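The opening position of the sequence shown corresponds to residue 2 in this note's numbering, with each subsequent residue numbered one higher. A short worksheet on the structure shown next.
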Amino acid sequence: MSIDDYRPTFIVEAVYDLRADDLLRRGISAVLVDLDNTLIAWNNPDGTPEVRAWLDEMTMADITVVVVSNNNYKRVERAVSRFGVDFVSRAMKPFSRGIDIAMKRYGFSDDEVIMVGDQLMTDIRASHRAGIQSVLVKPLVTTDAWNTKVNRFREKRVLKKLENKYGKFVYQKGI
């Protein structure tokens with residue numbers, strides 16, 4: 002395993018900073034997105050008006066959005082039901098299982114899909130394993146569920162290695 006397995010293709014502030022026209026210009030017609038601290042704050046399952054506006058923008062541009070989460074079915078279903086978004090639960094990231102399921106379900110090809118998430122250790126690593134592009138976003142809130150705290154500790158070491166090799170991560174307002 003190489004440090005490059007954790008290097009995101011793009012780095013943006015938030016999922017809401019991904020604009021439909023930028024995605025389409027790059028040939029992206031499907032966005033796989035992590036749930037907690039990426040699409041919604043882990044401790045605010047109802048989401049925000051920004052989530053609704055972003056999802057509406059994707060829908061109007063005919064870009065498919067699928068949540069790919071390590072959470073259980075009930076948790077993910079409850080969180081996304083109000084948004085009318087499909088999902089894959091128990092994705093088993095950092096493995097590519099959830100991404101593979103979504104891609105097979107919709108018949109997506111590798112070059113038309115992008116994975117968005119807030120963790121190098123799960124979301125970005127899984128996208129590399131699946132052979133698709135990735136977007137790292139800042140976590141929506143600075144606190145994490147207990148099980149994510151372990152990953153964050155390890156992630157700091159990986160981030161330091163990546164930044165030593167490629168320079169400081171700079172979060173953009175789009176791709």
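Glycine included, C-beta positions come from ideal geometry on N, C-alpha and C. The model shown is predicted, which means the values in this text are computed figures rather than measured ones.
Quiz item: Taking the runs of the beta strand (DSSP E) that are 3 residues or longer, which of them lie wholly in the region 84-129?
Solution: 87-89 and 114-118
Quiz item: What residues in its chain sit with their C-beta under 8 angstroms from that of E14, if we drop five residues either side in the sequence?
Solution: V138, K139, Y172, Q173 and K174
Practice problem: Report back the beta-carbon spacing between R76 and P95 to the nearest angstrom; my notes put them in contact at under 8 angstroms. | Solution: Between P95 and R76 the Cβ distance is about 19 angstroms, and since that is not below 8 angstroms, they are no contact.
Quiz item: Going by the C-beta, is R98 closer than 7 angstroms to any heavy atom of the ligand ADP?
Solution: Ligands in the displayed structure: none, and consequently the ligand ADP is not present.
Quiz prompt | Cα-Cα separation between I102 and V89, rounded to whole angstroms | solution = 7 angstroms
Self-check item: Reference I29, options L36, A42, L160 and F109, closest by Cα
Solution: F109
Self-check item: Enclosing alpha helix (DSSP H) for A42 [first to last residue]
Solution: Where A42 is concerned, there is no enclosing alpha helix (DSSP H), given that its DSSP letter is neither H nor E.
Self-check item: Those residues which DSSP pairs with A31 across a bridge
Solution: T65 and V114
Exercise. Specify, as a first and last residue, the run of the alpha helix (DSSP H) that V171 falls within.
Key: Premise fails: V171 is in no alpha helix (DSSP H) and is neither H nor E.
Practice problem: Compute the distance between the beta-carbons of T255 and N72, then report whether it is under 8 angstroms. | Solution: This structure cannot speak to residue 255, because the chain is shown only from 2 to 176.
Quiz item: Given a threshold of 16 other Cβ atoms within 10 Å of its Cβ, counted over all protein chains shown, does D22 qualify as buried or as exposed?
Solution: exposed
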